[in-house]
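The structure appears below as structure tokens.
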Amino acid sequence: MTDESKVALTRQLLERYYQSCLSLVNQLLPEYTSVLRSPTSSLRLHPVAAWRNKTSWRKDDSRLHVDAFPSRPNYGERIIRIFTNINPHNEPRSWRVGEDFTQLARRYLPQLDSYSPFSSWLQHKVGITKRRRSHYDHLMLQLHDKMKSDADYQKNGKQQAIDFPAGSSWICFSDQTPHAAMGGQFMLEQTFLLLVEGMKDPQQSPLKILESLTQKPLI
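Position one of the sequence shown corresponds to residue 1 (UniProt numbering), numbered consecutively onward.
See below:
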């Protein structure tokens with residue numbers, strides 16, 4: 001099979017997965033169907049152990065973290081991800097899942113660096129970010145890094161191990177659910193963005209929780 005054929009088949013696979021995820025959202029979350037945007041489909045082929053041993057700690061997703069985009073500030077938009085374990089050898093996808101986001105934010109907010117509008121402007125000016133980071137984006141990236149760099153939290157923080165069997169799918173707000181991939185290989189992933197205003201209960205969003213804890217607007 002040629003490389004071009006492999007690329008074409010992969011694109012067809014991702015399109016089918018995208019359509020299947022839309023169908024799932026229509027059934028589970030019909031009120032969100034019309035407000036989801038910026039869909040991105042991904043195929044993960046490598047075993048977790050391989051990339052865990054060959055990456056920096058910031059990119060090591062075997063460490064508990066909440067998702068944040070370093071180069072693409074999202075100004076509070078929610079990150080919804082649908083995962084499917086497609087391992088052909090019936091191997092589970094092993095995760096750790098952490099504590100409630102409010103507890104997490106209270107734990108780390110006092111440790112986060114202050115926000116610099118000038119730094120935000122400069123990073124955008126030199127092309128590090130696609131647009132200026134909001135105060136919210138700054139806090140979420142800081143939170144992501146503090147979690148991953150905290151060895152005690154990674155070992156002793158409140159968490160639960162979950163094995164997702166081959167053939168199973170799961171969905172979460174990955175910007176709010178502390179999670180870490182511990183084992184497995186072959187996975188499909190569908191990402192959607194959702195405006196906070198489009199949520200059924202916006203007060204449950206990380207943006208509103210952080211604004212409540214800091215007592216200031218963050219975007």
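By construction, the Cβ of each residue, glycine as well, lies at the ideal position given by its N, Cα and C atoms.
Identify whether residue i lies in helix, strand or coil by the three-state DSSP scheme.
i      : result
His135 : helix
Asn85  : strand
Ile80  : strand
Thr10  : helix
Gly127 : coil
Leu194 : strand
Ser114 : coil
Met140 : helix
Thr2   : coil
Leu213 : helix
Met147 : helix
Leu104 : helix
Glu15  : helix
Leu122 : helix
Leu109 : helix
Lys200 : coil
Ser20  : helix
Leu207 : helix
Can you round the beta-carbon distance between residue i and residue j to whole angstroms, since I take them to be within the 8 Å contact cut?
i           : j      : result
Leu43       : Thr10  : 6 Å
residue 235 : Gln185 : Absent from the structure is residue 235, since the part of the chain shown begins at 1 and ends at 219.
Pro206      : Phe101 : 6 Å
Thr129      : Pro202 : So it is not a contact: roughly 25 Å between Cβ atoms.
Asp67       : Ser174 : 4 Å
Ile219      : His135 : 7 Å
What does DSSP give as the partner residue(s) for residue i in the beta ladder?
i     : result
Val25 : Partner(s): none; Val25 has no beta bridge.
Ser94 : Asp163, Gly183
Problem set entry | beta strand (DSSP E) runs contained entirely in the segment 149 to 192, provided each spans 3 or more residues | 159 to 164, 169 to 173, 179 to 183
Problem set entry | At least three beta-carbon pairs within less than 8 Å, the segment 161 to 178 to the segment 92 to 103 | yes
For this session: Evaluate contact between the segment 133 to 147 and the segment 9 to 29, counting only Cβ atoms and requiring at least three cross-stretch pairs below 8 Å.
Result: no
Exercise. Could you give the uninterrupted runs of the beta strand (DSSP E) lying entirely in the segment 28 to 81, keeping only those of 3 residues or more?
Worked result: 36 to 44
Problem set entry | Contact between the segment 75 to 82 and the segment 185 to 201 (3+ Cβ pairs under 8 Å) | yes
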